[in-house]
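Residue numbers for the sequence shown follow the UniProt record's numbering, so the first one is 2 and each next one is one higher.
Just so it is clear, CB atoms sit at the ideal spot from N, CA and C, and this is done for glycine as well.
All values reported here derive from a predicted model rather than from experimental measurement.
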Amino acid sequence: IEKISIFDVPISAVTQSEALEMAIDFLNSEGLKQIFTPNPEIVMLAQNNQQLKETLQKGDLVVPDGIGLILASKLKSLGLKERVPGIELMDKILEYCSQNHKSIYIFGGKPGIPERAIKNIEEKHPGIRIAGYHHGYLQPGDEEKIIEDINGSKVDVLIVGLGAPKQEIWISNNKNRLRCKIAMGVGGSIDVYAG
Ligand code: UDP
Numbered sequence: 002i003e004k005i006s007i008f009d010v011p012i013s014a015v016t017q018s019e020a021l022e023m024a025i026d027f028l029n030s031e032g033l034k035q036i037f038t039p040n041p042e043i044v045m046l047a048q049n050n051q052q053l054k055e056t057l058q059k060g061d062l063v064v065p066d067g068i069g070l071i072l073a074s075k076l077k078s079l080g081l082k083e084r085v086p087g088i089e090l091m092d093k094i095l096e097y098c099s100q101n102h103k104s105i106y107i108f109g110g111k112p113g114i115p116e117r118a119i120k121n122i123e124e125k126h127p128g129i130r131i132a133g134y135h136h137g138y139l140q141p142g143d144e145e146k147i148i149e150d151i152n153g154s155k156v157d158v159l160i161v162g163l164g165a166p167k168q169e170i171w172i173s174n175n176k177n178r179l180r181c182k183i184a185m186g187v188g189g190s191i192d193v194y195a196g
């Protein structure tokens, strides 16, 4: 799948269903893949944040989460196909997980929020395997514990909602020691599931 550079941020030229197909391939192949869901604000943030820009450039699937990116692509005939909202891609991945015995770990949101999100996710996607969860407000020293918790849980899909650019940089910094198939940055989506 081709990537289209918007302000030096390569965005995958995928439809919503192609994005899901790629995620399913990731789930059924070796190693960890990074999924990012930048909107125009995040692409703009990356203009003044080299670490964020380089992190996004290394994403395995980087979906255009925002009509502004599609408009920018249209104006210059760059070839992005359609908007792929991160939360909708996340929901389709959750659906796939519930039907294929894959597990998820929810990391992010204020204390109490991941629990509420999981309850609603289980209602919407019965049978989904919950490997674990942790809120997103870490104290110094918590980092090691949470990585151990994630790796011990044998999770397939790690959902990271720490806001941008924290989540992208956290995933990228830890990608070599995280054992899962997908690590996906989801912004405020955990809050949305929590209701
Ligand atoms: N968040 C977190 N830890 C932090 C900062 C933020 O878990 O240190 C969470 C916050 O509770 C919220 C999410 O990150 O659930 C994203 O927030 P926001 O809506 O600001 O991010 P965006 O969707 O705009 O990237």
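Asked: Residues bridged to Ala184 (per DSSP); Found: Gln35 and Leu159
Asked: Exposed unless 16 or more other CB atoms sit within 10 angstroms - verdict on Asn49; Found: exposed
Asked: Pocket of the ligand UDP (residues with CB nearer than 6 Å to any heavy atom), chain order; Found: Gly109, Gly110, Lys111, Gly137, Tyr138, Gly162, Leu163, Gly164, Ala165, Lys167, Gly188, Gly189, Ile191 and Asp192
Asked: Rounded distance between the beta-carbons of Ser154 and Gly128, thought under 8 Å; Found: So it is not a contact: roughly 17 Å between Cβ atoms.
Asked: Under 9 Å between C-beta atoms of Ile170 and Thr56; Found: yes
Asked: Residue nearest to Tyr106 in terms of C-alpha spacing, selected from Leu159, Lys93, Asn177 and Lys182; Found: Leu159
Asked: Bridge-paired residues (DSSP) for Val10; Found: Ile7
Asked: Per DSSP, cross-strand counterpart(s) of residue 199; Found: Beyond the ends of the chain as shown, which are 2 and 196, falls residue 199; an answer cannot be given.
Asked: Residue interval of the beta strand (DSSP E) (run including Ser104); Found: Ser104 to Gly109
Asked: Neighbour-count burial assignment, Lys9, 16 or more Cβ in a 10 Å radius; Found: It is worth fixing the name first, because residue 9 is Asp in this sequence and not Lys. Burial call: exposed.
Asked: DSSP three-state assignment for Ile2, whether helix, strand or coil; Found: coil
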